[in-house]
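J.: Below is a structure I'd like to ask you about.
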Amino acid sequence: MARRLPKKDVVIIGLGWTGSIMAQELTDEGLDVIAIERGPWRDTPTDFPPSYMQDELRYRVRHELFLRPDQLTFTFRNKMDQTALPIRSWGAFMPPNGVGGGGVHWNAEMWRFLPSDFVLKSHLTERYGKSFMPEDMTIQDWGITFDDIEPFYDRFEHLCGTSGTAGNLKGQIQEGGNPFEGPRSRPYPTPAQPQPFSQTLFAKAARELGYKPFPQPSGNLSTAYTNPLGLRMGPCTYCGFCEWFGCGNYSKASPQTTILPVLVRKSNFTAQDNSEVVRINVDRSGKHATGVTFVDSSGEEWEQQADLVILSAYTMFNVQLLLHSKIGQPYDPIANSGVIGRNYTHQTTSTVNGFFNNKKFNFNPFIASGSIGMCIDEFNGDNFDHGPHGFVGGAYMGQVQTGARPIESTLTPPGTPKWGASWKSAVRDNYLSTVKPGTGVHGSFYAYRDNYLDLDPEYKDRLGRPLMRITMDLHENEVKQNRFMTDKFAEIIKAMGADQLAKHYRTAPYDNTEYQTTHLNGGAIMGTDPKTSAINRYLQNWDVSNLFVLGASAFPQNAGYNPTLTVGALAYWAADAIRNRYLKNPGPLVDA
Amino acid sequence: MHKTSRPGLSRRSILLSTATLFIAGATGARARTIAGSLPWEPNAGNPLTPVKLGPWEFFTGDEGRAMEALADRIIPPDPQTPGGKDAGCAVFVDRQLAGPYGRQDGLYIRPPFKAGAKNQGHQMEAGPGQQYRQGLAALDRACKSKYAGKPFAELSDSEKDIVLNGIESGDFQLEGTDGKSFFEQAIRDVQMGFFADPIYGGNRDMVAWKMIGFPGARYNYLDWVNRHNERFPLPPVGMTGRAEWTPQTR
């Protein structure tokens, strides 16, 4: 029997980006808040010191900062008629764990979605007609517009000190920025980061091909910055250990650098670490959450009651916890009914590596930040006419190389043996003159009826609960999209002066062993209809009105951008609705 | 001061959990309640202890000899740069197999174990330790039967390459083990040891980083981000400093 802790106003499940934002907002409102985090507390001086953080083996290859599959994993299959098998070690994505969540070891690429992304279904239907989309594609509108979310994009950008060049200021197109972005109310808080050689060369080649390249918006800062909470960040030093690593320099936006030092000092905030919430408890009506049950590191069960429950774990754990708590109807792809597990998506990424003459080109590719890069957006979303191409969706593409850590970045030109003397000399000759743009093509991933999440019938976790099962494949639309994008990208790398190209298209079947991104989305999506969405436009659960579900699990489908800025903006949007509407009159904010 | 009451957490259990961390790594941490201030504790991030040279920790003598010979064919010595053996790659693999990686710590190893599609990932109960044990033994057995009783390490370089090319192409089968995937694994691990920080036993004196021009665990390139197409002049540093600052006894 769980021991019961004194009741709080708010319990927050997961202290990553969205949990930290919500805790900061609701403690400002005077509420008594507890955040329960599955992983350990982590902080810059104790856990990410520059004296040993630059360790590719430990943090990249062995996944030190991530969740361990023995604590929790998923099963995976491509198709409904296959048997799903457990993900025994991580591959296609890397689930975060611990205070700060993915905000600790992300690259901090700060992209806004396009205005058309939020009204995707109506936009595409209007422009191309319903029959242009595949029949089993289940894209939806979000229930909000770009104009709704813009002030909250702005807030999150300023919390993080984001470095970038505006492309559209209140409707005026700005030279040097992304001309396709939606109108922004203010410029970026700090100027764009300076760009190393290969990124600069990419921009030049793109410009000569008629594109409008711009610096990738970055949460690794170009200058010192004091954020609205009074926290001070330092300029990035381009150490090249950002993705997979914590920043030892207070230069990367994370909950640790932008929120937690203020939040933890508040008398109405408490955190509980190394404690996993296993259930959201609801009363007999099924309409009201009473709090959560969690298990501490000794296996002891505790019950934390609260008036308001904020589910702010990673996409997958949000969906899993809803399924385990029996909140919302589980999605059934055959009947096309239910909502929990619906519209599960990822990101359609690929890359092209360029091998250059080492007598002419020395890129010093180890000089980089996690979100360094020059990009183009001509082929994203619906920025171009899809009519002749027979697919929908798009991608940004760019030279976004985040460093050249040598285990992963010692590439050899196509045709080189995998070992031996010629491998060794090829590695020596190419390391400094290879362009290796991480996810150089960063494409949308739209939703389909047979890509979904449910509970596995066979495999269990350490606590005896069913693992969540992933059924996921790449569909023809995304494969076509990626082929088009990768070819366009290769033209630019070629124009930079590469002697040899290695194109890596994303192809079916979806491969769970190859890292793609950790941008998993959907499964508890927002929308306007409780029959096809789990939460309303304020991220409030349709069934249990004192439960809000934050994070990319809310995305009805994924756009061709990194998700975190939108995830953070949605958290501020939901916090605003709670502070200004819900607390005044608790109950559903939208009538079902 | 941060409060350390409930659930079931005293200051003493936090101290105990710090000691546990050294043994169990990040997964062994204990739950705590944090309020009032940031919880700072010495060594919370668990800094590494450098690999010490000395006897094999995982391999037997025969396995160690085979592994060193394998490392030297995967990365052959040349006049500028030592090969895999002298770079410490076999020591790297040995220490990795003796540690959490070899034991599959943190991985999901619950039954049932079923064969699946390649894109569903590794599904066998056997971990890397067992794969190396079986693979190296099978390699020596196969070489002995083909080359008049000589194990892999005693073959000439060209004989070794004939064997390895055969394993890679699938023409030369190892008995009782998947030779092709074992060799792929060995290539991956040896090259990993070559390029990892020397603290792990490979990349001795940062020979691999010097070979490619990687300046190592440096922290600040602010002065260099705008200097384009210019060779970075400084030698590499590792987590324990520069090779000449920290002479290793071996």
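Here the protein sequences line up with chains B and P, keeping their order.
Add 67 to a position in the first sequence, counting from 1, and you land on the number used in this note's numbering.
Add 1363 to a position in the second sequence, counting from 1, and you land on the number used in this note's numbering.
The beta carbon of each residue, even a glycine, is placed where N, CA and C say it ideally should be.
#1: Does the stretch 590-606 of chain B come into contact with the stretch 179-186 of chain B, if we say contact requires no fewer than three beta-carbon pairs (one atom in each stretch) closer than 8 Å?
#2: Taking the C-alpha atoms as reference points, what is the distance between A557 (chain B) and Q567 (chain B)?
#3: Around the Cβ of F451 (chain B), are there at least 16 other Cβ atoms within 10 angstroms (buried) or fewer (exposed)?
#4: Could you give the DSSP three-state label for I401 (chain B): helix, strand or coil?
#5: Start and end of the beta strand (DSSP E) containing Q339 (chain B)?
#6: Any Cβ of chain P within less than 8 Å of the Cβ of A320 (chain B)?
#7: Return the residue from the list B:Y278, B:D208, B:K188 that minimises the CA-CA distance to F199 (chain B).
#8: From Q1486 (chain P) to F1476 (chain P), what does the alpha carbon distance come to, in whole angstroms?
#9: For F1577 (chain P), collect the residues of the same chain with a Cβ closer than 7 Å to its Cβ; drop the 5 residues on either side in sequence, then sort them by chain order.
#10: Is the separation between the beta-carbon of E18 (chain B) and that of Y255 (chain B) shorter than 8 Å?
#11: Under the rule that 16 or more other beta-carbon atoms within 10 Å means buried, what is S230 (chain B), buried or exposed?
#12: Taking 6 Å as the limit between beta carbons, can you name the residues of its chain near R222 (chain B), skipping five residues before and five after?
#13: Below 7 Å CB to CB, which residues in the same chain sit around I560 (chain B) once its five sequence neighbours on both sides are set aside?
#14: Counting only beta-carbon separations shorter than 8 Å, does P655 (chain B) have a partner in chain P?
#15: Starting from M464 (chain B), follow its DSSP beta bridges and name the residues at the other end.
#16: Does the beta carbon of E123 (chain B) come closer than 8 Å to any beta carbon on chain P?
#17: By Cβ distance, which residues of its chain are closer than 6 Å to P400 (chain B), with the 5 residues on each side in sequence left out?
#18: Identify, in the order they occur along the chain, each residue of the same chain with its Cβ nearer than 6 Å to the Cβ of C303 (chain B), setting aside the five sequence neighbours on each side.
#19: Leaving aside the five residues before and after G1529 (chain P) along the sequence, list all residues of the same chain whose C-beta is less than 6 Å from its C-beta, in chain order.
#20: For K527 (chain B), report the span of its beta strand (DSSP E) as first-last.
#21: Is G1360 (chain P) near D137 (chain B), with beta carbons less than 8 Å apart?
#22: Less than 8 Å between the beta carbons of R1428 (chain P) and A1516 (chain P), yes or no?
#23: Between W1419 (chain P) and chain B, is the shortest Cβ-Cβ distance under 8 Å, so that the two count as touching?
#24: List the residues of chain P that R516 (chain B) touches, going by C-beta distances under 7 Å, in chain order.
#25: Check I206 (chain B) in the structure and name its three-state DSSP category.
#26: Use the C-beta contact count for R253 (chain B): other C-beta atoms within 10 angstroms, 16 or more gives buried, fewer gives exposed.
#27: Taking its Cβ as the centre, do 16 or more other Cβ atoms sit within 10 Å of M464 (chain B), making it buried, or is it exposed?
#28: Can M1602 (chain P) and D122 (chain B) be called in contact, C-beta distance under 8 Å?
#29: For the stretch 382-389 of chain B against the stretch 615-627 of chain B, are there 3 or more C-beta pairs whose distance is under 8 Å?
#30: For A1461 (chain P), which of P:D1441, P:K1415, P:A1505 has the nearest alpha-carbon?
#31: Any beta carbon from chain P within less than 8 Å of P504 (chain B)'s own beta carbon?
#32: When you compare each of B:T192, B:L226, B:N245 to F232 (chain B) by their alpha carbons, which one comes out closest?
#33: Is DSSP giving W369 (chain B) helix, strand or coil here?
#34: Relative to the alpha-carbon of K1507 (chain P), which residue among P:R1496, P:S1521, P:V1526 has its alpha-carbon at the smallest distance?
#35: Following the continuous alpha helix (DSSP H) through H1485 (chain P), name the residue where it begins and the one where it ends.
#36: Please tell me whether M1430 (chain P) has its Cβ less than 8 Å away from any Cβ of chain B.
T.: Result, derived from the coordinates:
#1: no
#2: The residue given as residue 557 (chain B) occupies position 490 in the first sequence. The residue given as residue 567 (chain B) occupies position 500 in the first sequence. About 10 Å.
#3: Position 384 of the first sequence, counting from 1, holds the residue named residue 451 (chain B). By the neighbour-count rule (16 or more Cβ atoms within 10 Å), F451 (chain B) is not buried but exposed.
#4: If you number the first sequence from 1, residue 401 (chain B) lands on position 334. Here I401 (chain B) sits in coil by DSSP.
#5: Position 272 of the first sequence, counting from 1, holds the residue named residue 339 (chain B). Taken as a continuous stretch (DSSP letters only), the beta strand (DSSP E) holding Q339 (chain B) covers 336-340.
#6: Mapped onto the first sequence, residue 320 (chain B) falls at position 253. By this cut-off, A320 (chain B) is not an interface position.
#7: Locating residue 199 (chain B) in the first sequence gives position 132, where the first residue counts as 1. With distances taken between Cα atoms, F199 (chain B) lies closest to B:K188.
#8: By one-based count along the second sequence, residue 1486 (chain P) stands at place 123. By one-based count along the second sequence, residue 1476 (chain P) stands at place 113. Taking the straight line joining both Cα atoms gives about 6 Å.
#9: Counting from 1 along the second sequence, the entry for residue 1577 (chain P) is found at position 214. P1599, listed in sequence order.
#10: Nothing about residue 18 (chain B) can be reported from this structure: the residues present for chain B run from 68 to 659 only.
#11: Position 163 of the first sequence, counted from the first residue, corresponds to residue 230 (chain B). Buried.
#12: Against the first sequence, residue 222 (chain B) aligns to sequence position 155. Closer than 6 Å at the Cβ level, and outside the excluded window around R222 (chain B), lie Y639.
#13: Counting from one through the first sequence, the residue named residue 560 (chain B) turns up at place 493. Here the set comprises V419, G421, V502, L568.
#14: By one-based count along the first sequence, residue 655 (chain B) stands at place 588. Cβ-Cβ to chain P under 8 Å: no for P655 (chain B).
#15: For this step, residue 464 (chain B) is matched to residue 397 along the first sequence. Looking at the DSSP assignment, M464 (chain B) forms a beta bridge with B:I443, B:V508.
#16: The residue given as residue 123 (chain B) occupies position 56 in the first sequence. At least one chain P Cβ lies under 8 Å of E123 (chain B).
#17: Counting from 1 along the first sequence, the entry for residue 400 (chain B) is found at position 333. Counting only Cβ-Cβ distances below 6 Å, and skipping sequence neighbours, we find R516, D517, Y519.
#18: To locate residue 303 (chain B), count along the first sequence from 1; it is residue 236. Closer than 6 Å at Cβ, skipping near neighbours: N287, L288, S318, S436.
#19: Counting from one through the second sequence, the residue named residue 1529 (chain P) turns up at place 166. Excluding positions up to five away in sequence, the list reads F1535.
#20: Taking the first residue of the first sequence as position 1, residue 527 (chain B) is located at position 460. That run of the beta strand (DSSP E) goes 519-527.
#21: Nothing about residue 1360 (chain P) can be reported from this structure: the residues present for chain P run from 1364 to 1613 only.
#22: One-based indexing of the second sequence puts residue 1428 (chain P) at position 65. One-based indexing of the second sequence puts residue 1516 (chain P) at position 153. Taking 8 Å as the Cβ cut-off, R1428 (chain P) and A1516 (chain P) qualify as a contacting pair.
#23: Position 56 of the second sequence, counted from the first residue, corresponds to residue 1419 (chain P). No, its Cβ sits nowhere closer than 8 Å to a Cβ of chain B.
#24: Your numbering for residue 516 (chain B) matches position 449 in the first sequence. Per Cβ cutoff of 7 Å: no residues; R516 (chain B) is ~21 Å from chain P at best.
#25: Taking the first sequence and counting its residues from 1, the one referred to as residue 206 (chain B) is at position 139. The answer is coil: DSSP assigns I206 (chain B) none of H, G, I, E or B.
#26: If you number the first sequence from 1, residue 253 (chain B) lands on position 186. Per the 10 Å Cβ criterion, exposed.
#27: For the purposes of this step, residue 464 (chain B) is taken as residue 397 along the first sequence, with counting starting at 1. Label assigned to M464 (chain B): buried.
#28: Position 239 of the second sequence holds residue 1602 (chain P). Position 55 of the first sequence holds residue 122 (chain B). Their beta carbons are under 8 Å apart, which means M1602 (chain P) touches D122 (chain B) by this criterion.
#29: yes
#30: As a working note, residue 1461 (chain P) is residue 98 in the second sequence. When each option's Cα is compared against that of A1461 (chain P), the closest is P:K1415.
#31: Numbered from 1 along the first sequence, position 437 holds the residue referred to as residue 504 (chain B). Output row for P504 (chain B): interface = no.
#32: As a working mapping, residue 232 (chain B) is identified with position 165 in the first sequence. A quick correction: the sequence has Thr, not Phe, at residue 232 (chain B). Closest option to T232 (chain B), Cα to Cα, is B:N245.
#33: Within the first sequence, the letter at position 302 stands for residue 369 (chain B). In the structure shown, W369 (chain B) sits in a strand (DSSP, three-state: E or B).
#34: Mapped onto the second sequence, residue 1507 (chain P) falls at position 144. Ranking P:R1496, P:S1521, P:V1526 by Cα distance to K1507 (chain P) puts P:V1526 first.
#35: To locate residue 1485 (chain P), count along the second sequence from 1; it is residue 122. Careful: H1485 (chain P) lies outside any alpha helix (DSSP H) and carries neither H nor E.
#36: Working through the second sequence from its first residue, we reach residue 1430 (chain P) at position 67. No, because no Cβ of chain B sits closer than 8 Å to the Cβ of M1430 (chain P).
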